[in-house]
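Participant: Mind looking over this structure? Questions follow.
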Amino acid sequence: MNTMNQLSVVLVRFPFTNQIDYKIRPALIISNNRFNNQHPFSWVLPITTQETKREFEINIPSTEFTRELKAKSFILTDKIMSMEKHLFLKEIGKITPKLFERVKAQLTKNL
């Protein structure tokens, strides 16, 4: 995957601690495009279908995602990760700027 953009939801190969095995999971790219173009990694937030009803998770309404979601999904704002781009498999959609404002507001609260 050559270009990674802020707001993109990508499938990522999340490595296990043994650095051999992995799981493929979706994640939201939160680092800005200039940052993404200058580094071999991007900052991401994992996305899950497991609702915990904690203040750190943000629901992704179907109206705020460019493609159809297969299940109710949540952005985990308490798990910022730095992921090397070679672990990104493909883009599966984008969130809206409006939803990203909510994500940024929650990240600010978390800090």
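Following this note's numbering, the numbering of the sequence shown begins with 17 at its first residue and continues without gaps. Here a beta-carbon is modelled for each residue, glycine too, at the ideal position from N, C-alpha and C. These figures come from a predicted structure and were not determined experimentally.
#1: Output the boundary residues of the alpha helix (DSSP H) element that contains Leu123.
#2: Just to confirm before moving on: does the CB-CB distance between Leu27 and Leu105 stay below 8 Å?
#3: Taking 8 Å as the cut-off, decide whether the C-beta atoms of Leu44 and Glu73 are in contact.
#4: Give every residue of the same chain whose Cβ lies closer than 7 Å to the Cβ of Thr112, excluding the five residues on either side of it in the sequence, and list them in chain order.
#5: In the DSSP assignment, find the beta strand (DSSP E) that holds Asn53 and state where it starts and stops.
#6: Out of Asn21, Gly109, Phe30, Glu71, which one is the CA nearest neighbour of Arg50?
#7: Less than 8 Å between the C-beta atoms of Phe90 and Asn75, yes or no?
#8: Could you tell me if Ser98 is buried or exposed, where buried requires 16 or more neighbouring beta carbons within 10 angstroms of its beta carbon?
#9: Going straight from the alpha carbon of His102 to that of His55, what length do you get?
#10: Under three-state DSSP, which class holds Thr79?
#11: For Lys101, which of helix, strand or coil comes out of DSSP?
#12: What number of angstroms, rounded off, separates the C-alpha of Thr64 from the C-alpha of Pro42?
Facilitator: Looking at the coordinates:
#1: Mapped onto the sequence shown, residue 123 falls at position 107. Taken as a continuous stretch (DSSP letters only), the alpha helix (DSSP H) holding Leu123 covers 113–126.
#2: Your numbering for residue 27 matches position 11 in the sequence shown. Your numbering for residue 105 matches position 89 in the sequence shown. Yes; because the gap between Cβ atoms is below 8 Å, this pair is in contact.
#3: In the sequence shown, residue 44 corresponds to position 28, counting from 1. In the sequence shown, residue 73 corresponds to position 57, counting from 1. No. Outside cutoff.
#4: Numbered from its first residue, the sequence shown carries residue 112 at position 96. Only Glu80 meet the Cβ criterion.
#5: Mapped onto the sequence shown, residue 53 falls at position 37. Careful: Asn53 lies outside any beta strand (DSSP E), inside the alpha helix (DSSP H) at 49–54.
#6: Within the sequence shown, the letter at position 34 stands for residue 50. Closest by alpha carbon: Asn21.
#7: Within the sequence shown, residue 90 is the residue found at index 74, counting from 1. Within the sequence shown, residue 75 is the residue found at index 59, counting from 1. Result yes, Cβ atoms of Phe90 and Asn75 sit closer than 8 Å.
#8: Here residue 98 refers to the residue found at position 82 of the sequence shown. Its Cβ having fewer than 16 others within 10 Å, Ser98 is exposed.
#9: Residue mapping note: residue 102 aligns to position 86 of the sequence shown, counting from 1. Residue mapping note: residue 55 aligns to position 39 of the sequence shown, counting from 1. Looking at the two C-alpha atoms, the distance is approximately 12 Å.
#10: Along the sequence shown, read from residue 1 onward, the residue named residue 79 stands at position 63. Note: Thr79 maps to helix in three-state DSSP.
#11: Position 85 of the sequence shown, counting from 1, holds the residue named residue 101. Three-state result, Lys101: helix.
#12: Numbered from 1 along the sequence shown, position 48 holds the residue referred to as residue 64. Numbered from 1 along the sequence shown, position 26 holds the residue referred to as residue 42. Those two C-alpha atoms are separated by around 8 Å.
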